[in-house]
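S.K.:
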Amino acid sequence: MLNFSKIKKSLLTAIWFMFLTFPIMVIHINPVEKAVEWRWHNMFLVGAGSFLLSLLWHYLIKKKERCFKDAGACESDTAPFLQRFMNEPRLYKPALSALTVISLSFPFLFSSYQVNIMTTALMYAVLGLGLNIVVGLAGLLDLGYVAFYAVGAYSYALLNHHFGLGFWTVLPVGALLGALFGILLGFPVLRLRGDYLAIVTLGFGEIIRLILENWNEFSFGPSGIANIARPSFFGMQFPLKGATIYIYFLMIALALFTVFVVSRLQNSRIGRAWEALREDEIACQAMGIDKTRTKLSAFALGATWAGMMGVVFAARTTFINPASFTFIESAIILSIVVLGGMGSIPGVIAGAFILILLPEHLRVFSEYRMLIFGAVLIIMMVFRPQGMISMTRRIYRFENVKEGRGIDK
Amino acid sequence: MNPLLKVSKLSMDFGGLRALDSLDLEIREGEVLAVIGPNGAGKTTLFNCITGIYEPSGGDIYISNAGGGMERINGLLPNIITKKGIARTFQNIRLFPNMTVLENVMIGRHCRTHSRIIGAIFRGRSTVQEEKEVVRKSREILEQIGLSEYVNEFAKNLPYGAQRRLEIARALATEPFILMLDEPAAGMNPQETRELDDLIRGICDRENISILLIEHDMKLVMSISDRIVVMDYGKKIAEGAPDEVRNDPVVIKAYLGEEFAA
Ligand SMILES: Nc1ncnc2c1ncn2[C@@H]1O[C@H](COP(=O)(O)OP(=O)(O)O)[C@@H](O)[C@H]1O
Ligand SMILES: [Mg+2]
């Protein structure tokens, strides 16, 4: 398994890393005492660390290759486990009630800071579920998803600023405008696939941001819009602490709503058409599916959630400017979908929580947190490209085969 | 009586290459028409033109419509042509690999069902009813094709012969009146080919679906077809009943070369 050549390779890697990091890790100039400190122990740490990591890397690669050779031998998929779990009421009922109790009592047990992070995670879960329709189900790589988020946020900010419209009025408007912009993006990219599509959508995202940045009369430019009203509760406004908790519960409700709608869409005629489009565009058309309509509906229904979350974002921060809608946002949402598991609803939710909560809770490691975060992403994609929780397929059971009557459960 | 499908003077150019050259063809009701010819003769291109994947460079394609008249279908989108009742399989299998066998067939039902986004979200009675009907019908087709043991398998995990049959099942789910099969026996063993023979004949006779078949397995072609069209270099070089075609010197020349022609 771990033979001599692997150890030698890792040793070389370790030496290479010690050499590379020598100037920053070992030499330290102390400007006060005007002296150079030699931190040799750092060199040792780097060497040992990269040696161990390299060994682990080789070991995992080897293991993966073996799995590849005799498929099925290392079937360690989470999907069957999750499926069995969901089919066993004795198991999932207590788990579900525990989850309910925790999420209901969370804001009363933890600080506002924690509640805020949790709200952010929920928002990204909804964004991930929306992008999942486009990327995971319909297989259209969209790198400009943040544009729809911006559309939602600015529609609330502007409607609130100019006309004093409230959060609850604009929430559906934002969703609708998101869908409209989804279709607007959809038309020019109907003929594009893969990398070409990715580049055009990337451009679209940038265009929207640049318009918001430069069209001062419309969007107030880089200085953004401040004093946006927080969501009201039957006409009442909460104080700051109350508002945090209120938005937390609002996000729980919206997330549940999203899961409900998205899972129904996925398990429907239109959801199947999206997946057929992802699997094989030509065969999909030859089976009678209207490619144009199917693609546009995927873009529209994906963008709807971004529009909606944009409204929530504006209402929550009470201040927005174009800087909140840069490409990095699209990249994070895409990472959530890919890391969680394309096409899998529980996967995307788990992905959102890990990608948002992990960097926050890694703050104890201060400047190393982004390094760890990046490493986790790379390792995931190399060793588990299908994501944490891979998509499950619906199983149809037939009671009486002879009668030919399908009873789907 | 009008033919179900009529191709007249059909041409298709790829740059300088003329893949179809003024081809004429007719499919009549209830027949199995085989198209044979050497590799590169333009058979698959013919399929792609009829099903709307390519727009022909010249000529016309007509199908008979419900009123008994003929309707030109050149350049219509593939999904429209499928909806009009022409279904096909592909030479290099094009299933939806990461979907189950049943779902593959359910996709075929798409163009005969109607539920929309709103229906999918609210799941009203008609949507639920339609969904049940799709499952029932798809299941029935799988049983007929002999794939019911695989219902919940991924399409990509099926044995090769079963994948070919699944393509047929999926095409049947669109309720065609013409079924076009592009080398359905390619890569099948003799036993599977015999079963395929029965299956195709059965589809033609019982379901009253006319069949347009591209095939290289001459035993299958001779036993199954009512008529045969022979193509070479995009042209039709012979047409007739299996026995006539078999003994046609032009055909023998095209297949075996000059010196074998009597
Ligand atoms: N999309 C295409 N672009 C360019 N040439 C093509 C294309 N499709 C087919 N051809 C050419 O057309 C000719 C006929 O091909 P095809 O119809 O696949 O033959 P067959 O199915 O009879 O073996 C071949 O010379 C092939 O190279
Ligand atoms: Mg061919």
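Protein chains in written order, with the working numbering: chain A, 28 to 436; chain B, 3 to 264.
C-beta: ideal position from N, C-alpha, C; glycine also.
#1: For B/F98, which residues in chain A fall below 8 Å Cβ to Cβ?
#2: Taking all protein chains shown into account, decide if A/A100 is buried (16 or more other Cβ within 10 angstroms of its Cβ) or exposed.
#3: In the DSSP assignment, what residue or residues form a beta bridge with B/V232?
#4: Any heavy atom of ligand 2 inside 6 Å of the beta-carbon of B/K45?
#5: Suppose you measure from the CA of A/I210 to the CA of A/I234; what does that come to, to the nearest Å?
#6: Under 8 Å by Cβ, that's how I've got B/M14 and B/P80 pegged, so tell me the actual separation to the nearest angstrom.
#7: Can you grab the Cα-Cα spacing for the pair A/I434 / A/F137, in whole Å?
#8: Please classify A/H55: does DSSP put it in a helix, a strand, or coil?
#9: What runs of the alpha helix (DSSP H), each 4 residues or longer, lie entirely inside the stretch 340-418 of chain A?
#10: State the CB to CB distance for the pair B/I52 and B/Y64, rounded to an integer number of angstroms; the pair is presumed to be in contact (CB under 8 Å).
#11: Can you confirm whether B/S117, when its beta carbon is compared against all beta carbons of chain A, has any partner nearer than 7 Å?
#12: Examine ligand 1 and report whether any of its heavy atoms sits within less than 6 Å of the Cβ of B/F16.
#13: Name, please, each residue of chain A whose Cβ falls closer than 7 Å to the Cβ of B/P80.
#14: Got a sec: does ligand 1 put a non-hydrogen atom nearer than 6 Å to the Cβ of B/A21?
#15: Tell me which residue opens and which closes the alpha helix (DSSP H) that A/L126 is part of.
#16: Distance cutoff 7 Å, beta carbons only. Does A/L292 sit that close to anything in chain B?
#17: Does any C-beta atom of chain E lie closer than 7 Å to the C-beta of B/N154?
#18: May I ask you to report which of helix, strand or coil DSSP gives B/Y56?
#19: If you draw a straight line from the C-alpha of A/G378 to the C-alpha of B/G148, how long is it?
#20: Under 7 Å, Cβ to Cβ, is there at least one residue of chain B near A/V288?
#21: List, in chain order, every chain B residue whose beta-carbon is nearer than 7 Å to that of A/G317.
#22: Using 6 Å as the cut-off, classify the Cβ of B/G61 as near or not near the heavy atoms of ligand 1, replying yes or no.
#23: Just to check, is the beta-carbon of B/G42 closer than 6 Å to a non-hydrogen atom of ligand 1?
#24: Are there 16 or more other CB atoms within 10 angstroms of the CB of A/R424, so buried, or fewer, so exposed?
#25: Tell me, please, whether the CB atom of B/G70 is closer than 7 Å to any CB atom in chain A?
#26: Going by DSSP, name the residue or residues bridged to A/A62.
#27: Kindly list, in the order they appear in chain B, the residues whose Cβ is closer than 7 Å to that of A/I422.
#28: Once the 5 residues before and after A/T321 are set aside, which same chain residues still bring their CB inside 6 Å of it?
#29: Residues of chain A with CB under 8 Å from B/F179, in chain order?
#30: Could you tell me which chain B residues have their CB closer than 8 Å to the CB of A/R299, listed as they occur along the chain?
#31: I need the DSSP call for B/V153, collapsed to helix, strand or coil.
#32: Anything in chain B within Cβ reach of A/S324, meaning under 7 Å, just list it in chain order.
#33: Assuming B/D234 contacts B/P40 (C-beta within less than 8 Å), just tell me the rounded distance between them.
#34: Would B/I211 and B/I202 qualify as a contact pair, given that the criterion is a beta-carbon distance under 7 Å?
#35: What whole-angstrom Cβ distance do A/F208 and A/F175 have, given they're in contact under 8 Å?
#36: Less than 7 Å between the beta carbons of B/L222 and B/D199, yes or no?
M.R.: Judging by the given coordinates:
#1: Those are E302, A303, E306, D307, A310 and C311, listed as they occur along chain A.
#2: A caution first: A/A100 carries a pLDDT of 47, below 50, which makes its placement in the model too unreliable to give a value.
#3: B/I38 and B/A240
#4: At least one heavy atom of ligand 2 falls within 6 Å of the beta-carbon of B/K45.
#5: 16 Å
#6: With 8 Å as the limit, B/M14 and B/P80 do not qualify as a contact, their Cβ atoms being about 15 Å apart.
#7: Below a pLDDT of 50, predicted positions are generally treated as unreliable, and A/I434, at 41, falls in that range; the measurement from the model is reported next regardless. Rounded to the nearest angstrom, the two C-alpha atoms are 47 Å apart.
#8: strand
#9: Complete alpha helix (DSSP H) runs here, min 4: 354-367, 372-388 and 396-410.
#10: Incorrect: roughly 11 Å between the Cβ atoms, too far for contact.
#11: yes
#12: yes
#13: Those are Q312 and A313, listed as they occur along chain A.
#14: Checking every heavy atom of ligand 1 against the Cβ of B/A21, one is found closer than 6 Å.
#15: P116 to L136
#16: Cβ-Cβ to chain B under 7 Å: yes for A/L292.
#17: Protein chains in the displayed structure are A and B, and chain E is not among them.
#18: coil
#19: 41 Å
#20: yes
#21: First, the residue type needs correcting, since residue 317 of chain A is Asp and not Gly in the sequence shown. Close partners of A/D317 in chain B (Cβ separation under 7 Å): N81.
#22: no
#23: Judged by the Cβ position, B/G42 qualifies as a neighbour of ligand 1 at the 6 Å threshold, a heavy atom of the ligand being closer than this.
#24: exposed
#25: no
#26: A/N57
#27: N154
#28: A300 and L304
#29: Within 8 Å Cβ-Cβ: nothing; B/F179 doesn't reach chain A, min ~14 Å.
#30: M101, E105, M108, I109 and H112
#31: coil
#32: I119
#33: 6 Å
#34: No, they are not a contact pair.
#35: 6 Å
#36: Cβ atoms of B/L222 and B/D199: closer than 7 Å.
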